[in-house]
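*Asks:* Letter by letter, the sequence shown follows residues 24 to 374 of this note's numbering.
Glycine included, C-beta positions come from ideal geometry on N, C-alpha and C.
Note that this is a predicted model, so its numbers are computed, not measured.
Starting off with a structure, shown below.
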Amino acid sequence: MKNDLCLEAADTVRNVKTSDEKNEKYFACDICDQKFDEKRLLKKHFHTQTKLKQYSCDVCHKVFSCKFNLYRHLQTHRIEKPYSCDICHKKFPLKCRLKVHFQTHSNEKPYSCDVCHKRFSWNSVLNQHLRVHSNEKPFSCIVCNKNFSRKGNLNQHLRVHTKEKPFSCDVCYKRFSHKNDLNLHLRIHTNEKPFTCDVCQKSFSRKAYLNEHLGVHTNEEPFSCDVCHKSFSQKKSLNRHLRIHTNERPFSCDVCHKSFSRKAHLNQHLIVHTNEKPFSCDVCHKNFSRKAYLNQHLGVHTNEEPFSCDACHKSFSQKTDLNLHLRVHTNEKPFSYDMYHKGFSAKGDLN
Numbered sequence: 024m025k026n027d028l029c030l031e032a033a034d035t036v037r038n039v040k041t042s043d044e045k046n047e048k049y050f051a052c053d054i055c056d057q058k059f060d061e062k063r064l065l066k067k068h069f070h071t072q073t074k075l076k077q078y079s080c081d082v083c084h085k086v087f088s089c090k091f092n093l094y095r096h097l098q099t100h101r102i103e104k105p106y107s108c109d110i111c112h113k114k115f116p117l118k119c120r121l122k123v124h125f126q127t128h129s130n131e132k133p134y135s136c137d138v139c140h141k142r143f144s145w146n147s148v149l150n151q152h153l154r155v156h157s158n159e160k161p162f163s164c165i166v167c168n169k170n171f172s173r174k175g176n177l178n179q180h181l182r183v184h185t186k187e188k189p190f191s192c193d194v195c196y197k198r199f200s201h202k203n204d205l206n207l208h209l210r211i212h213t214n215e216k217p218f219t220c221d222v223c224q225k226s227f228s229r230k231a232y233l234n235e236h237l238g239v240h241t242n243e244e245p246f247s248c249d250v251c252h253k254s255f256s257q258k259k260s261l262n263r264h265l266r267i268h269t270n271e272r273p274f275s276c277d278v279c280h281k282s283f284s285r286k287a288h289l290n291q292h293l294i295v296h297t298n299e300k301p302f303s304c305d306v307c308h309k310n311f312s313r314k315a316y317l318n319q320h321l322g323v324h325t326n327e328e329p330f331s332c333d334a335c336h337k338s339f340s341q342k343t344d345l346n347l348h349l350r351v352h353t354n355e356k357p358f359s360y361d362m363y364h365k366g367f368s369a370k371g372d373l374n
């Protein structure tokens, strides 16, 4: 882990930095950039971080703060599952897991929230829920001091600092920090779209995409841009739009450092480096890096030509072909050869 590397770095001069303003030496943490006047304080800071998690699972590389938690976790990898449910015969490696499972059959929820009256099967789950009302966040990140209401959320957050990605896709081997992100990614390969619009029956792989789509039917656009007064159905759509005016590009490629205004655009760009082509044609099995390219390609098999020229009414299967054709009417020649100052309507003609 990076913490181990930092411990080694603490014994070298690499962590000693000099301030240009005061010409004072200080010791900086490679993870959180926290500065210390003395080397011993930096070492103490490193040891505090390494104490957080020190027991690692050899199977899935998940890390635990104590040996007992690691032992209990290892039981989940055991093929042997001696505890069986009498109702559905599902088997579990741990007795406590079987007890939790029983609640799905009994539907018994004896623990009630005094604030909102929501009921729970377990007292521990109720205690976690109560933090929603009290805004209590007892679990704090020792790197950036961000607080969380649940220990599980803190453990997930820590991967931001450690860059740990324990969850891997079996199809394309892409790795993820969180299991939920892996599950969402797998829908690219399975083409699973569990969220369906009740109005037009269109399906989506993520609930967020469905929510955005619903604005098409309601035409409700309560969020307006103060610059150009364009309206949006969702606040996050407005926030994305505002980057057009601010030129903000918060998503950066780790390989070539190119920046993007949207995470989706970054994900599309990453395929340039990975050469990943997850979208496959069911007819000829040709693969494509983007779904839009696959949709355009499908017109080859269906003979569908939805793009029509307003001048001569000639039809095309792809919009790019229509745009090239329009130059016949406009006499536009954007590609030039400097030697003869000759212009060409298509880049292929230049070659």
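What does a CB cutoff of less than 7 Å around His352 pick up in its chain, not counting 5 residues either side in sequence?
*Replies:* Around His352: Ala334.
*Asks:* For Tyr316, which three-state DSSP category applies?
*Replies:* In the structure shown, Tyr316 sits in a helix (DSSP, three-state: H, G or I).
*Asks:* Threshold first: 3 residues or longer. Then list the beta strand (DSSP E) segments lying entirely within the stretch 184 to 264, N to C.
*Replies:* List check, beta strand (DSSP E) in window: nothing returned.
*Asks:* Excluding the 5 residues preceding and the 5 following Glu271 in the sequence, name in chain order all residues of the same chain whose CB lies nearer than 7 Å to its CB.
*Replies:* Within the same chain, Glu271 has close Cβ partners Ser284.
*Asks:* Can you give me the start and stop residues for the alpha helix (DSSP H) that Arg95 sits inside?
*Replies:* Arg95 -> alpha helix (DSSP H) spans Lys90 to Leu97.
*Asks:* Helix, strand or coil: how does DSSP classify Leu157 here?
*Replies:* In the sequence under discussion, the amino acid at residue 157 is Ser, which differs from the Leu named in the question. Helix.
*Asks:* Between Leu265 and His252, what straight-line distance do the alpha-carbon atoms span, to the nearest angstrom?
*Replies:* Approximately 11 Å, taken between the alpha carbons.
*Asks:* Run the CB neighbour count on Lys40, radius 10 Å, all protein chains shown included, and call it buried at 16 or more, exposed below.
*Replies:* Caution applies to Lys40, whose pLDDT of 45 falls short of 50 and renders its modelled position unreliable; the model cannot decide the point.
*Asks:* Going by the CB atoms, is the gap between Cys276 and Leu289 shorter than 9 Å?
*Replies:* Taking 9 Å as the Cβ cut-off, Leu289 and Cys276 qualify as a contacting pair.
*Asks:* Go to His140, then tell me how far its alpha helix (DSSP H) extends in each direction, as first and last residue.
*Replies:* No alpha helix (DSSP H) holds His140; DSSP gives it neither H nor E.
*Asks:* How big is the Cα-Cα spacing for Phe59 and Lys286?
*Replies:* C-alpha separation (whole angstroms): 35 Å.
*Asks:* With DSSP collapsed to three states, give me the class of Lys74.
*Replies:* With a pLDDT of 49 at Lys74, under the threshold of 50, the modelled position of that residue is not reliable, and no figure is offered here.
*Asks:* What's the gap between the Cα of Gln179 and the Cα of Cys220?
*Replies:* Near 31 Å, if we compare the C-alpha coordinates of Cys220 and Gln179.
*Asks:* Under 8 Å Cβ to Cβ from Cys304, same chain only, skipping five residues before and after it: list those, please.
*Replies:* Excluding sequence neighbours, Cys304 sits near Asn310, Phe311, Leu317, His320, Leu321 and His324.
*Asks:* Is the separation between the beta-carbon of His208 and that of Cys223 shorter than 9 Å?
*Replies:* Contact flag unset, no.
*Asks:* May I ask you to report which of helix, strand or coil DSSP gives Val306?
*Replies:* Val306: coil per DSSP, three-state reduction.
*Asks:* Quick one: residues in its chain with C-beta nearer than 8 Å to the C-beta of Glu243, no 5 flanking neighbours on either side, listed in chain order?
*Replies:* The answer, listed in chain order, is Ser256.
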